[in-house]
Structures are given as structure tokens and as C-alpha cells.
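Take the sequence shown: its position 14, counted from the start at 1, is 16 in our numbering, and no numbers get skipped.
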Amino acid sequence: MKRPLLDATTDELRDWLGRNGHPPFRARQVNRWVFEGRATSFETMSDLPMDLRRRLDEEWAVFATTLVRHHTSPDGTDKLLLECPDGKRVECVLMAEDDRRTVCVSTQVGCGMGCVFCASGLKGVERNLTTGEILEQVLMARNFLPAEERLTNLVVMGMGESLANLDQLIPALDRVCAPDGLGLGQRRVTVSTVGLPEKMRKLAELDRQYHLAVSLHAPTEALRNELVPVNERVGLSAVMEAADAYFRRSGRQVTFEYVLLRGLNDRPQDASALAGLMDRRKAHVNLIPYNPVAGLPFERPTADAIDRFVRTLRARGVSVTVRKTKGREIDAACGQLRRRFEAGAGVAAPS
Ligand code: SF4
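Put into C-alpha cells, the structure is as follows:
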């Protein structure tokens, strides 16, 4: 099997080039072709000698994953389903809004956190994605942009618990942000976590400038234990302390994501408890009205309930937004596309 190019560091590629009688600067050219030139094969790397292109092709794969489904929703959101060499499938999304072009990537096949309302966690975690598999999602989605457009933002909010795969994720983000990668500013990267305190502290110590988004979903220990089972192990107060530590170290305001579920966590007392939790914290709350998942018993809150929730938070001085649903028509909640595909339910015609 060919080696995935994006799983190798530039130094590893340089070493390989040296062993094969080629100068180290060729690694820079290869990188430029893949990250800037949108190359998907060595054949098209026209400033490399032909014999090198052939040798590279014998040993390496520019992309080890293959695109098995691509949907564009009416709002222009592209959803991609990729197949890894071992047959596992992951998804990523490309969203366009005003002048922002954002890719959302997955970090694991499945997820071990078990949030009760989430399609990704239904079968648990199968494995971590490699650095190359994370990078390939970014590049494959980016390659759908028109030639004159550039990726402006990256969010790590797809399938999986990002921080459970920190060791593979960080090198991927480093390549995305490197000048010889996509050159994306670290402040344009958002890393989402269900709240693993130890890993949040480790991320803070890396001194990157990523924006941290903590998936809170409930304002009390009891309710969070119910909705986000991993909370029983970690505890809400430890999550909040780790978020505070991230803010202190990075200076970056943390966002708390809160999926609103009808009758469960959208009640006035929940809004009030959430406002209490945010009190004296420089933080932002992003409310996400639930997207129903086939086979799960949760419902989207009414427009009135959402409105009331927002007003309660604002009245208590909390910075709050309601996330606009992107790509709802093509299963925007994480894990839904893959699940439907695997269930053989079929999806709209691939483009
Ligand atoms: S919501 Fe996120 S953390 Fe929770 S099970 Fe789904 S993918 Fe995992």
C-alpha cells in the first residue's frame, strides 16, 4: 500500500528524497503543489523531474482517502463523505457565508463521548483519524472552492471528540497554519471539545491561539450527566475551571456551545442556571436549536422557547448568539450523513 503523503512530515519527505538521490528543496515544491496548487496527483507537478514524479507515485499517495459522496445543499453548503484506506468513513463540510469560507472536519471515526442526542456517538468510537486523514478533509473540501477563493476558517467540530485525538490533531493544525501549508492564522481555527479538563489544559500549554469551543449542553451537574454521559467522569466544575485556565493562558474568550432540546434543557430554569454559570466569566454562549436525528427521541425547541431562552441570557448580561443552521437539508448534525449512508438509506444523487 502507498504511504499517505500527508501523514509524513516535511522532514520525513526530505529524508526520503535524499535517500532517493533528490535535493531536499523538492519537498517544498511538493508541499506547494498540494497546499497551494491543489494537486491531487504527482503527475501534474510539472516542475518536478519526470523520474521523481514516477518514484513519488510508486511510493506515496497524495490523497489516501477517496471521496465517496458529495452533496451541495441549496444554501451552498458542501458535505463530503470520505473513505479511508481501511474502509472507515468520515465526513467534512465546506460552508460559505459572506466572505468566510469555513471547513469543518472530523477527528475520529465515531465518538466515545455518548452524548444522548448525537448520531456520531451511537456506535461508540472506532478509531482516531491520522494527521493525514484530518488534513485530507481540509484539502479535499478546500479544493471545491473556486480557484480565486481561499479557505478563511477551520472548525474542528465534526465527528469525534477532538481533544481525545490531540496527538494527531495538533500536527494537522500546524500544517494548516504553517506558511508552507495553507497559511491560515491560528486565530481562525476553532477547536471544539465536550470538555476533557486534562486535555484542555494540555492544549492551553501548547500556546497556540486557537479559539476553544466547549460543548456544554446543560448548566447543572445533574442535567449534564444525563445529556453528556462523560460528565459523570469529569464533572461540570472541572470543565469550567479548565475553560477558565484556557482563557487565562491564551487570552482568547471561550465559546460555550449549547444544543437546545425541547422540554429538556430549554426551560426558563435552564436559561437561568446557564446565566448563573456564565456570571463573571468573559465568555460567549452559542445556542444550537437541535436538528432532529432519525431514530432518536429528541425534538427541536419551539421558536418561542428559543426566543425566551435568549432573552433570559441577555437580560443577565450574557453574550449569546443562535447558530444559523447550515446545510440542514443535507443532514448537518454531525454523523448523520455517514449513518444514513451506512444504513443503506441512500442519499440524494452524488454530484
Ligand atoms: S456531540 Fe460531539 S462529543 Fe458528543 S457524541 Fe457527538 S461527536 Fe461526540
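Idealized CB from N, CA, C, for every residue including glycine.
Requested in this report: Whole angstroms is fine: what's the gap from Pro51's alpha carbon to Leu8's?
Outcome: Cα atoms of Pro51 and Leu8: separation of roughly 21 Å, rounded to the nearest angstrom.
In the structure shown, what three-state DSSP assignment does Thr12 receive? Judged by DSSP in its simplified three-state form, Thr12 adopts helix.
- How many angstroms separate the CA atom of Lys4 from the CA atom of Gly78? Computed Cα separation, rounded: 34 Å.
- [ ] Output the distance between the C-alpha atoms of Arg316 and Arg210, rounded to the nearest integer angstrom.
- [x] When rounded, the separation of the alpha-carbon atoms in Arg316 and Arg210 is 31 Å.
Q.
If you follow the beta strand (DSSP E) that Cys106 is in, where does it begin and where does it stop?
A. Per DSSP, the continuous beta strand (DSSP E) segment holding Cys106 begins and ends at Arg102 to Cys106.
Checklist entry - Between Leu54 and Trp35, what straight-line distance do the alpha-carbon atoms span, to the nearest angstrom? => result For Leu54 and Trp35, the distance between alpha carbons rounds to 14 Å.
Q.
Tell me which residue opens and which closes the alpha helix (DSSP H) that Gly278 is part of.
A. If you look at Gly278, you'll find it in the alpha helix (DSSP H) that goes Pro270 to Met280.
Would the C-beta of Thr162 count as close to the ligand SF4, meaning under 7 Å from any of its heavy atoms? In the sequence under discussion, the amino acid at residue 162 is Gly, which differs from the Thr named in the question. Flag set: Cβ of Gly162 near the ligand SF4.
Per DSSP, Phe258 is paired with what? According to DSSP, Phe258 bridges with Val216 and Val287.
Go ahead and pull the three-state DSSP assignment for Gln188. Residue state, collapsed to three classes: helix.
Review point. Which partner residues of Gln110 appear in the DSSP bridge assignment?
Key: Beta-bridge partners of Gln110 (DSSP): Asn130.
- Message: So, under 8 Å CB-CB, Glu259 and Ser217 are touching, yes? Tell me the CB distance rounded to an integer number of Å.
- Response: Right, their Cβ atoms sit about 5 Å apart.
message = Classify Pro291: buried if its beta carbon has 16 or more other beta carbons within 10 angstroms, exposed otherwise.
response = Within 10 angstroms of the beta-carbon of Pro291 lie 16 or more other beta-carbons, which makes it buried.
Item to check | Length of the line joining the Cα atoms of Ala220 and Thr323 | outcome: Distance between Ala220 and Thr323, taken at the CA atoms: about 16 Å.
Enumerate in chain order the residues of its own chain whose CB-to-CB distance from Arg325 is below 6 Å, with the five nearest sequence positions on each side excluded.
-> Correct list, in chain order: Asn288 and Ile290.
Segments of 3+ residues assigned as beta strand (DSSP E) that fall wholly inside the segment 6-66
For secondary structure counted as the beta strand (DSSP E) over 3 or more consecutive residues, the segment 6-66 holds no complete run.
> Say the cut is 7 Å; is the CB of Gly297 nearer than that to a heavy atom of the ligand SF4?
Replying inline: No, the beta carbon of Gly297 sits no closer than 7 Å to any heavy atom of the ligand SF4.
Review point. Leaving out five residues before and five after Met161 in sequence, what residues of the same chain have Cβ atoms less than 8 Å from its Cβ?
Key: So the qualifying residues of the chain are Val92, Glu93, Ser108, Thr109, Gln110, Val111, Gly112, Cys113, Ser122, Cys336, Gly337 and Arg340.
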